[in-house]
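Read through the structure below, which is laid out as structure tokens, and then see the notes.
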Amino acid sequence: MEGLLAVLDLTDTGARTSEDIFTGPSQWMPLGRVFGGQVLAQSLVAAMRTVPDERHVHSMHGYFLRPGDVKAPITFSVERIHDGRSFSTRRTQCYQDGVPILSMIASFQDADEGLEHHIEMPKDIPDPESLPTASASLAHIDHSVARYWASERPFDMRHVPSPIYLKVKGEHTSRQAVWMKTFSPLPDDPDLHRAALAYASDYSIMEPIMRRHGVAWSSPGLKVASLDHAMWWHRFGRVDEWLLYVQDSPSAQGGRGLATGSIFSRDGVLLATVAQEGMLRVPIILE
């Protein structure tokens, strides 16, 4: 949790051109590449620093351009594209060693009244307390990635029907769900919870594609990389309380796969929607 809070606490450099400049650390990852959810959340925090307090993010669209290096800090430049009567638009460019690793655009809105509806949360999902933790699933594996997933992530992740860390059990379906929440309480800052939700939204979104084809994270030669990420915040929810992330994949082709997700509060309120396309390459198609 200290690591999550540290990476989301950006430094305002005081430098100004036509853009606002911030810097932030990179969180250690076992393979040496910056976690996509980290840089998404940081780019969002940078943009949040430039809008009025009463305007909150409602959508974000980002493109991953290059893998980031966990040994290097990240510079964030925010362009104030537009400020209207109800909406603000910001573009954040994220750099390491002078080259961009992520380009993101986000929109913010004042609170407003309007039409109201949302889809229902699936009713056949077991409670998170009845499901095994990542630690229980991976405790017997002596590998840096397994140790990170088991005990070093800030989020508790519990899969339905089962995790695909080592193998895909049961039916090869394009649908899964993940209960998730932070291991410890977060401060009451609503924007911190919104940014942390963006962080967590990147953890498992590619897994419905992998599950459909029987590909586990441990599959030899597997290469997975996020290409883009879109997210819409509908309603506020705390990430230190259980959230249900319902995921599906409508298509995979040409070494790419598309996945979508709906994030619900435990009492069934739709909080956010996510879509991501990723590169997935396996030496042998497992069908």
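Numbering (UniProt numbering) for the sequence shown: 1 to 287. Ideal Cβ placement from N, Cα and C applies to all residues, glycine included. Computed from a predicted structure; not experimentally measured.
Coarse secondary structure for residue i, derived from DSSP in three states
i           : result
Arg147      : helix
residue 321 : Because the chain in this structure spans residues 1 to 287, residue 321 falls outside the shown range and cannot be described.
Tyr199      : helix
Ser184      : coil
Glu113      : coil
Leu5        : helix
Leu131      : coil
Glu54       : coil
Ser120      : With the sequence shown as reference, residue 120 is identified as Glu, and Ser is not the correct amino acid for it. Residue state, collapsed to three classes: coil.
Asp97       : coil
Ala136      : helix
Leu166      : coil
Sequence-distant residues of the same chain with beta carbon closer than 8 Å to residue i, five excluded per side
i      : result
Thr23  : Leu10, Thr11, Thr13, Pro73, Ile74, Thr75, Phe76
Asp112 : Ser86
Ala252 : Ile209, Arg212, His213, Leu258, Leu280
Leu271 : Leu197, Trp233, His234, Arg235, Phe236, Gly237, Leu243, Ile263, Phe264, Ser265
Straight-line Cα distance separating residue j from residue i
i      : j      : result
Pro250 : Asp53  : 37 Å
Lys71  : His117 : 45 Å
Tyr245 : Arg66  : 27 Å
Gly32  : Asp69  : 6 Å
Phe108 : Leu44  : 11 Å
Gly254 : Gln276 : 15 Å
Glu120 : Lys181 : 20 Å
Met104 : Ser130 : 38 Å
Gly214 : Lys223 : 15 Å
Glu79  : Ala139 : 45 Å
Arg281 : Arg256 : 8 Å
Ala15  : Phe35  : 27 Å
Ser226 : Ile209 : 13 Å
Thr173 : Thr273 : 20 Å
Asp83  : Ser59  : 15 Å
Gly62  : Tyr199 : 13 Å
7 Å Cβ shell around residue i - same chain, five flanking residues per side excluded
i      : result
Gly3   : Gln27, Pro154
Ser137 : Pro163, Tyr165
Neighbourhood of residue i by C-beta distance below 6 Å, restricted to the same chain and skipping five residues each side
i           : result
Arg266      : Trp242
Ser144      : Pro30
Val239      : Thr182, His193, Ala196, Leu197
residue 312 : The requested residue 312 does not occur in the structure, where the chain is confined to residues 1 to 287.
N-terminal and C-terminal residue of the beta strand (DSSP E) that residue i is part of
i      : result
Val39  : No beta strand (DSSP E) holds Val39; the alpha helix (DSSP H) holding it covers 36-48.
Ile205 : Unbroken run through Ile205: none, as it is neither H nor E.
Phe22  : 20-24
Phe236 : First-last for Phe236: undefined, no H or E at that position.
Arg254 : Note that residue 254 is Gly in the sequence shown, not Arg. Here Gly254 belongs to no beta strand (DSSP E), and DSSP marks it neither H nor E.
Asp267 : Segment: none, Asp267 is in no beta strand (DSSP E) and carries neither H nor E.
Ala15  : 11-16
Met157 : 155-160
Ser77  : 74-83
contact_flag[the region 214-228, the region 88-102] where n(CB pairs < 8 Å) is 3 or more: When Cβ pairs closer than 8 Å are counted between the two stretches, the region 214-228 is seen not to touch the region 88-102, the count staying below three.
How do the region 41-53 and the region 178-196 stand: do at least 3 beta-carbon pairs fall below 8 Å, yes or no? These segments touch.
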